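Under UniProt numbering, residues 1 to 580 are what the sequence shown spells out, in order.
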Amino acid sequence: CSAPKQKLSVIYSTSQKFPELKSNTSIQDLIKFKLLDEEVLRKLEMGLITMEEVLAQYVGKPTTVAGVYVESSKKKISFLEAAEKGFLAKTYAVEFLEAQAATGSLTDLATGQTHSVVEALERGIIETSLQDKLIEAEKAVSGYIHAGKKLSVFQAIEERILDRYKGKKILEVQVSTGGLINPEIGVRVPASTAVDQGLLNKETLQGLYDPVSNPKGFHNPDTGQKAYYSEILKTCLYDIDGCVFLFPFGDRHLANTSPTSSHRVSVVSSSCGIEMSAYEAFKGKHIDKRTYLFLSQQESEWQEKSIVDTNGSSLHIITDVKSGRQLCLESALSQRFLETSELDSFRLGLLSVYEIADLIFSRMVVVEDVNSPIAGLWDVTRRKRLSVLQGFQQGLTDRTTALRLLEAQACTGGICDPSSGEKVLVSEALKRGLVDEALSQQLQPFEQAFRGVVHPKTAKTLSVSQAVQENLFPKDAGFRCIEFQLLTGGLINPENHDRVSLEEVIQSGLVDKVTVSVLKDEKFHTKSLTCPKTKRRITFREALERSVYDCHTGLRLLEATKVLGFGAKSTFHYVWAYRQ
Numbered sequence: 001c002s003a004p005k006q007k008l009s010v011i012y013s014t015s016q017k018f019p020e021l022k023s024n025t026s027i028q029d030l031i032k033f034k035l036l037d038e039e040v041l042r043k044l045e046m047g048l049i050t051m052e053e054v055l056a057q058y059v060g061k062p063t064t065v066a067g068v069y070v071e072s073s074k075k076k077i078s079f080l081e082a083a084e085k086g087f088l089a090k091t092y093a094v095e096f097l098e099a100q101a102a103t104g105s106l107t108d109l110a111t112g113q114t115h116s117v118v119e120a121l122e123r124g125i126i127e128t129s130l131q132d133k134l135i136e137a138e139k140a141v142s143g144y145i146h147a148g149k150k151l152s153v154f155q156a157i158e159e160r161i162l163d164r165y166k167g168k169k170i171l172e173v174q175v176s177t178g179g180l181i182n183p184e185i186g187v188r189v190p191a192s193t194a195v196d197q198g199l200l201n202k203e204t205l206q207g208l209y210d211p212v213s214n215p216k217g218f219h220n221p222d223t224g225q226k227a228y229y230s231e232i233l234k235t236c237l238y239d240i241d242g243c244v245f246l247f248p249f250g251d252r253h254l255a256n257t258s259p260t261s262s263h264r265v266s267v268v269s270s271s272c273g274i275e276m277s278a279y280e281a282f283k284g285k286h287i288d289k290r291t292y293l294f295l296s297q298q299e300s301e302w303q304e305k306s307i308v309d310t311n312g313s314s315l316h317i318i319t320d321v322k323s324g325r326q327l328c329l330e331s332a333l334s335q336r337f338l339e340t341s342e343l344d345s346f347r348l349g350l351l352s353v354y355e356i357a358d359l360i361f362s363r364m365v366v367v368e369d370v371n372s373p374i375a376g377l378w379d380v381t382r383r384k385r386l387s388v389l390q391g392f393q394q395g396l397t398d399r400t401t402a403l404r405l406l407e408a409q410a411c412t413g414g415i416c417d418p419s420s421g422e423k424v425l426v427s428e429a430l431k432r433g434l435v436d437e438a439l440s441q442q443l444q445p446f447e448q449a450f451r452g453v454v455h456p457k458t459a460k461t462l463s464v465s466q467a468v469q470e471n472l473f474p475k476d477a478g479f480r481c482i483e484f485q486l487l488t489g490g491l492i493n494p495e496n497h498d499r500v501s502l503e504e505v506i507q508s509g510l511v512d513k514v515t516v517s518v519l520k521d522e523k524f525h526t527k528s529l530t531c532p533k534t535k536r537r538i539t540f541r542e543a544l545e546r547s548v549y550d551c552h553t554g555l556r557l558l559e560a561t562k563v564l565g566f567g568a569k570s571t572f573h574y575v576w577a578y579r580q
C-alpha cells in the first residue's frame with residue numbers, strides 16, 4: 001500500500017509512524033540521528049519517493065531467512081520441521097532461528113508475521129527448550145542492559161558482556177539483513193553510518209568477512225559447508241505468500257545461475273507453485289521495487305564505466321561483475337533494446353542500473369551461433385563467464401589448451417569477448433586483455449588463415465587449405481585451422497567468409513585426399529585439449545560437443561572448475577553435525 005507523496009515541509013512537522021513496526025520510529029528520528037542524506041530528502045521533496053519507502057529501509061521487515069523451500073513439492077516448511085524431516089541437522093536449524101531472533105524476525109511461516117521470542121512460544125512456533133537460547137539472541141535487538149544503559153551488540157562486545165565470537169556472528173547477520181540495530185531507537189542503521197554512531201568501528205567492519213578474525217558461523221543446509229549468513233542469503237528465494245525469504249532445498253538448484261538462462265528463479269508463490277525471476281515478479285506487480293532491487297543485488301552487481309572507441313566516440317558500458325556479462329548502452333539504443341526516455345530516467349536516478357539491464361535483456365533476441373568456436377569458459381563454482389585467457393590466469397585451464405582454443409577463435413572470425421559477444425582482431429584483443437603479448441604473436445598466423453594468405457607471385461588470396469598445399473603456411477598449424485573451421489561449420493572462404501562444408505570441400509578438391517581421410521577418421525583427431533571441467537584429455541570435436549550456448553551472446557562456453565570438489569568432506573561434516 002503506497003501512501004500519497006509528501007512534501008518536505010510536511011515531513012518536518014509530521015509524526016506519522018510506520019504501521020508495521022512495533023517501534024515508534026518517525027522521520028524526525030531519522031533526521032535527528034543523521035540517517036537521511038540530502039539526496040533522499042531531495043527525492044522526498046520532489047515526490048519521487050514516499051515516507052513509507054524511506055522508513056521501510058530502516059524499520060521494515062529484515063531480510064532474514066525464514067524457512068526452507070522444498071523444490072520437489074514447491075512448498076515451504078519451517079527450519080524445525082525441516083530438521084524433523086531430515087532435510088538438515090537440528091543444530092543448523094537452531095543457527096537460523098537465532099539469526100531470526102537477533103534481527104527481531106522470528107517468523108510464523110503460515111502468516112509471514114514476525115514475533116518476539118515470548119510471542120513465538122505462545123503461538124507454538126518454537127520449542128520451549130529453545131527459549132533461553134533465543135531470548136539471549138534477542139538482546140541484539142532490545143539491547144544489552146549494562147550500568148543502566150541499553151547497549152548495542154558492538155558496545156556489549158566492547159564491555160565484555162558478550163562473547164566476541166558470538167557478537168561478530170550477530171553483527172554479520174545484522175549487516176547482511178539491512179543494517180546494525182540501534183536499540184535506543186529500534187532502527188537498522190547502514191554499516192557506514194553505524195561506524196559514525198559508535199555502533200561499530202572500522203576495524204570490526206573490515207574484519208567481518210575475514211575467516212581468521214570472524215570464522216564463518218553458519219552451515220549451508222544443502223551441503224553442510226560453513227558459510228557466512230550473507231552467502232546463504234544470496235541463494236534464497238522470496239516467497240510472495242507471506243513476504244519471506246526461503247532457502248531452496250532439492251536437486252533442481254533453482255538459485256543457481258547458468259549460461260543457458262539470463263535469470264535464475266528468485267521469487268516463488270508457495271501456495272500456487274509458481275516460480276519466476278525477480279524482474280518477472282516486479283513487472284507482474286508481485287513484489288515492490290525495494291524487494292526487486294534487493295533480489296537483483298543478490299544475483300548480480302552492475303557497474304557503469306565510460307570508454308572511448310576507435311572513432312573517438314564515448315561509450316557507456318555496464319558490466320555485471322558477478323556473471324561476467326556486459327552491455328553497451330549506446331548499442332542498446334541503436335538496436336531499440338532501450339528507449340531514450342528510459343536512459344534519461346536512468347540518468348535522473350528514477351531507474352536503477354538493474355532495471356536498465358533487465359529492460360535490455362527482456363527485449364534482446366539472442367540466436368545461437370552454430371558456427372561459434374569455444375568463445376570462453378563458464379566457471380561452475382563462481383557462476384561466471386571468463387575469457388579463455390582469464391581461465392588460464394585463474395587456474396581453470398592450462399596454457400596449451402588456452403592457446404588451442406584461441407587459435408580456433410582467431411581462424412574462425414576473431415578473438416571472442418564472452419562478456420559482450422564481440423569478435424575482435426588479435427591486436428584489439430591485446431588491448432582488451434583477451435590475450436597477452438606472447439599469445440598475440442602465436443595467434444598471428446591463425447588470424448591470417450581467416451583473412452586469407454596472399455600468394456607472393458599471383459597476389460591471389462588463398463584459403464588456409466590452399467596455402468598449405470602451396471607450402472605457404474605451416475602444415476601443422478594449417479591442419480589445425482582446417483580442423484577448427486570444418487568442425488565449426490565449414491572451411492572459410494577468405495574473400496567473403498562464407499563457409500564451405502566438408503562435402504563441398506571434397507568435391508571441389510580444396511583439400512588433398514590425405515587431409516580429407518584424416519578429417520573423416522576420428523582416430524586421427526588428436527586429444528590436444530585438457531577438459532577444463534574433468535581435467536581429462538579431449539579433442540576439439542569433444543570440446544564442442546560438451547559446450548553450452550550462452551543465452552547472453554549465443555556463443556559457446558565450456559564449463560570449467562579449478563578443483564574437482566570436496567563432496568565426501570561435505571557429507572562427513574553434514575552427518576557429523578546431524579548426529580550432534
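We put the CB at the ideal spot given by N, CA and C, even for glycine. Bear in mind that the values here come from a model prediction, so they are computed numbers and not experimental data.
- Around the beta carbon of Leu348, a 10 Å sphere encloses fewer than 16 other beta carbons of the protein chains shown; the residue is thus reported as exposed.
- Between Thr381 and the set Pro373, Gly391, Ser372, the nearest pair of CA atoms involves Gly391.
- Taking C-alpha positions only, Ser427 is separated from Pro418 by approximately 17 Å.
- In the DSSP annotation of this structure, the continuous segment of the beta strand (DSSP E) that includes Pro248 starts and ends at 244-249.
- For Gly67, no alpha helix (DSSP H) encloses it; the enclosing beta strand (DSSP E) starts and ends at 65-70.
- In this structure, Leu558 sits near Pro532, with a CB-CB distance shorter than 8 Å.
- Under the DSSP assignment, Ile506 falls in the alpha helix (DSSP H) whose first and last residues are 502-508.
- Ser270 is the residue among Ser270, Ala459, Ile135 whose C-alpha sits nearest the C-alpha of Lys75.
- According to the DSSP secondary-structure assignment, His146 is paired through a beta bridge with Lys149.
- For Val308, there is no enclosing alpha helix (DSSP H); the enclosing beta strand (DSSP E) covers residues 302-308.
- Runs of alpha helix (DSSP H) with 4 or more residues, each lying fully within the stretch 117-204, are found at 117-122, 131-142, 153-158, 164-176, 191-196, listed in chain order.
- By the CB criterion at 8 Å, Lys562 and Leu329 fall outside the cutoff.
- Counting only runs of 4 or more residues that sit fully inside the stretch 380-462, the alpha helix (DSSP H) segments are 388-393, 399-410, 426-432, 437-451, in chain order.
- Between Thr515 and Ile482 a beta carbon distance of about 7 Å is seen, short of the 8 Å cut, so the two are scored as contacting.
- Between the C-alpha atoms of Gly143 and Lys149 there is a straight-line separation of about 9 Å.
- For Gln335, no beta strand (DSSP E) run applies, since DSSP gives it neither H nor E.
- Straight-line spacing of the CA atoms in Ile126 and Val117 works out to 8 Å.
- In the DSSP assignment, Arg325 falls within the unbroken beta strand (DSSP E) covering 325-328.
- Assigned with DSSP and collapsed to three states, Thr515 falls in helix.
- Buried is the label assigned to Cys236, since at least 16 other Cβ atoms lie within 10 Å of its Cβ.
- Assignment of Phe473 by DSSP, reduced to helix, strand and coil, places it in the coil class.
- Under the three-pair Cβ rule at 8 Å, the stretch 468-477 does not count as touching the stretch 490-506.
- If the five residues before and after Ala82 are omitted, its C-beta is found closer than 6 Å to the C-beta atoms of Val68, Leu88, all from its own chain and listed in chain order.
- In the DSSP secondary-structure assignment, Ile538 is bridged to Leu529.
- Taking 8 Å as the upper bound for CB-CB distance, Thr114 and Ser105 are in contact here, some 4 Å apart.
- It is roughly 16 Å from the alpha-carbon of Thr400 to the alpha-carbon of Ile415.
- Counting along the chain, Glu280 sits inside the alpha helix (DSSP H) bounded by residues 278-283.
- Measuring C-alpha to C-alpha distances from Val65 to each of Ser230, Ala120, His146 identifies Ser230 as the nearest.
- Burial is judged here by how many other beta carbons sit within 10 angstroms of a residue's own beta carbon; Ala147 has fewer than 16 and is exposed.
- Spanning the alpha carbons of Val353 and Leu327 requires a straight line of approximately 11 Å.
- In this chain, the beta strand (DSSP E) harbouring Val267 covers 267-269.
- Secondary-structure assignment with DSSP links Thr319 through a beta bridge to Gln303, Gln326.
- When DSSP reads this structure, Ala227 sits in a beta bridge with Phe218.
- Of the residues assessed, Leu109 falls on the buried side of the cut-off, its CB having 16 or more other CB atoms within 10 angstroms.
- With respect to Glu422, Tyr549 sits apart: the two C-beta atoms are not nearer than 8 Å.
- About 13 Å separates the Cβ atoms of Ala410 and Leu389, ruling out a contact at the 8 Å cut-off.
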